[in-house]
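*Asks:* Starting off with a structure, shown below.
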Amino acid sequence: MEANSPTEHELREDLKEKRKELSVLRSQVRLVHEQKEAHYQQLLSIKNSIKSCLDQIRSLKGERDQLTNIVKELKQQRNTFNILTKEKVTRKEEASKKKEELIGKIESTENPHEIRFLIRKLEHRLETEVMPFPKEEKLRKQVKEMQVRLKKMSELEEVCKTSNATAAEAAEVRRQAGHMHQEMQKAAGQSQQKHELVNSLYGKLKELRGQEKPITEKYVELKNEAEQLRKKIQELQSQVQELSKLFTDKEEKSFHEQIKEKTAQVSEKIKKREKLKIEDILAYQASDED
Numbered sequence: 363m364e365a366n367s368p369t370e371h372e373l374r375e376d377l378k379e380k381r382k383e384l385s386v387l388r389s390q391v392r393l394v395h396e397q398k399e400a401h402y403q404q405l406l407s408i409k410n411s412i413k414s415c416l417d418q419i420r421s422l423k424g425e426r427d428q429l430t431n432i433v434k435e436l437k438q439q440r441n442t443f444n445i446l447t448k449e450k451v452t453r454k455e456e457a458s459k460k461k462e463e464l465i466g467k468i469e470s471t472e473n474p475h476e477i478r479f480l481i482r483k484l485e486h487r488l489e490t491e492v493m494p495f496p497k498e499e500k501l502r503k504q505v506k507e508m509q510v511r512l513k514k515m516s517e518l519e520e521v522c523k524t525s526n527a528t529a530a531e532a533a534e535v536r537r538q539a540g541h542m543h544q545e546m547q548k549a550a551g552q553s554q555q556k557h558e559l560v561n562s563l564y565g566k567l568k569e570l571r572g573q574e575k576p577i578t579e580k581y582v583e584l585k586n587e588a589e590q591l592r593k594k595i596q597e598l599q600s601q602v603q604e605l606s607k608l609f610t611d612k613e614e615k616s617f618h619e620q621i622k623e624k625t626a627q628v629s630e631k632i633k634k635r636e637k638l639k640i641e642d643i644l645a646y647q648a649s650d651e652d
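Quick note: to get the working numbering, add 362 to the position in the sequence shown (first position is 1).
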């Protein structure tokens, strides 16, 4: 044996220390594995939350965009009704102005029914009575004047009808424009709510991403640490196995030497015809099996 070679005692102490170290390493790898799994579960929870946020954002953006399109359509309809309202109001104002002009030209006490009655009466006299020419001319002149006044009154009646109709149409169109504006404001409010929810979810998503980064880094760190510990355990296990095998072989060799020595003693006893003990017989049988 070389001078620097370790003694059996030193080798046994080394084996003992390595087994202790192996036990510590196994405890460490279990602890690191538990920590790694805990971080993995945290990561899984965060990833699920991120997916949920993204799904909600996608859904809300679709609803928001749909409401935005509705707002655009309602705005166009409202603008169309506003233009119609202006047109109807202009027609109403024109009819009202014409009505005022006609009213100024007509005596307010005249009744169109009475004028028609007088015209028919005078026309009947002209057709049935014989009268001097000057009187006939005078009656015809009266008829023409009454017909002119009746025509103006008929025009006033039509203008009044037109004025009332345009006023009613303008009111209806204005009502519809107001209704479209209310619906547009309602849809715009809903769209804004969706937009605010999307922004809120983006804020939450940013927060989750911020939480995810350090946990991911720690998870990778623990994963690498566990891998390094496993490598150390494999190396140490190999060393322990080698040392254990060394002592196993040595012990087995010592056992065979003892059996061989005992067998020689039993053979000697047999030669001398001495009485054999139980252990002698067992040792002799062991030598045969070997």
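No residue lacks a Cβ here, since even glycine has one placed at the ideal position from N, Cα and C.
Cβ atoms of VAL394 and ALA588: under 8 angstroms apart, would you say?
*Replies:* Stepping through the sequence shown from its first residue, residue 588 is reached at position 226. Stepping through the sequence shown from its first residue, residue 394 is reached at position 32. Their beta carbons are under 8 angstroms apart, which means ALA588 touches VAL394 by this criterion.
*Asks:* State the CB to CB distance for the pair ALA532 and LYS450, rounded to an integer number of angstroms; the pair is presumed to be in contact (CB under 8 angstroms).
*Replies:* For the purposes of this step, residue 532 is taken as the residue at position 170 of the sequence shown. For the purposes of this step, residue 450 is taken as the residue at position 88 of the sequence shown. Indeed they touch by this definition, with Cβ atoms about 4 angstroms apart.
*Asks:* Exposed or buried, which one is LYS607 when buried takes at least 16 other CB atoms within 10 Å?
*Replies:* By one-based count along the sequence shown, residue 607 stands at place 245. LYS607 is exposed by the Cβ-count criterion.
*Asks:* I'd like to check one pair, LEU605 with LYS735: are the Cβ atoms closer than 8 angstroms?
*Replies:* Nothing in the structure corresponds to residue 735, since the chain is present only between 363 and 652.
*Asks:* Short of 7 angstroms in beta carbon distance, which residues of its chain neighbour LEU461, apart from the five on each side in sequence? Order them along the chain.
*Replies:* Locating residue 461 in the sequence shown gives position 99, where the first residue counts as 1. Note on identity: in this sequence residue 461 is Lys, with Leu being the wrong assignment. For LYS461, where only same-chain residues beyond five positions count, the Cβ hits under 7 angstroms are LEU518, VAL521, CYS522 and SER525.
*Asks:* Would you say the region 552-562 touches the region 481-501, given that touching needs at least three Cβ pairs under 8 angstroms?
*Replies:* The answer is no - the region 481-501 does not touch the region 552-562, with fewer than three Cβ pairs under 8 angstroms.
*Asks:* Which residue wins for smallest C-alpha separation from TYR581, given the options SER600, LYS483, GLU396 and GLN544?
*Replies:* As a first step, residue 581 is located in the sequence shown; it is residue number 219 there, counting from the start. When only C-alpha atoms are compared, the closest one is GLU396.
*Asks:* Mapping DSSP to helix, strand and coil, what is PRO494?
*Replies:* The count along the sequence shown starts at 1 and reaches residue 494 at position 132. The answer is coil: DSSP assigns PRO494 none of H, G, I, E or B.
*Asks:* Taking just the CA atoms, how far does GLN627 sit from GLU636?
*Replies:* Within the sequence shown, the letter at position 274 stands for residue 636. Within the sequence shown, the letter at position 265 stands for residue 627. GLU636 and GLN627: Cα-Cα distance of roughly 11 angstroms.
*Asks:* Going by Cα to Cα distance, which pick from SER407, LEU422, GLN428 and ARG440 is closest to VAL535?
*Replies:* Counting from 1 along the sequence shown, the entry for residue 535 is found at position 173. VAL535 has its Cα closest to that of ARG440, out of SER407, LEU422, GLN428 and ARG440.
*Asks:* Answer with buried or exposed for LYS454, where buried requires no fewer than 16 other C-beta atoms within 10 angstroms of its C-beta.
*Replies:* Here residue 454 corresponds to residue number 92 of the sequence shown, with the count starting at 1. With 16 or more other Cβ atoms within 10 Å, it is buried.
*Asks:* Taking just the CA atoms, how far does GLN601 sit from LEU373?
*Replies:* Working through the sequence shown from its first residue, we reach residue 373 at position 11. Working through the sequence shown from its first residue, we reach residue 601 at position 239. Distance between the alpha carbons of LEU373 and GLN601 is about 11 angstroms.
*Asks:* When the distance is taken between beta carbons, is LEU512 closer than 8 angstroms to ARG478?
*Replies:* One-based indexing of the sequence shown puts residue 478 at position 116. One-based indexing of the sequence shown puts residue 512 at position 150. Yes.
*Asks:* Does HIS371 pass the burial test, meaning 16 or more other C-beta atoms within 10 Å, or should it be called exposed?
*Replies:* Start at 1 with the first residue of the sequence shown, and residue 371 comes out as number 9. HIS371 is exposed by the Cβ-count criterion.
*Asks:* Beta carbon of GLN552, beta carbon of LEU429: below 8 angstroms?
*Replies:* Your numbering for residue 552 matches position 190 in the sequence shown. Your numbering for residue 429 matches position 67 in the sequence shown. Contact: yes.
*Asks:* Contact between the region 495-511 and the region 415-425: three or more CB pairs below 8 angstroms?
*Replies:* No, they do not touch.
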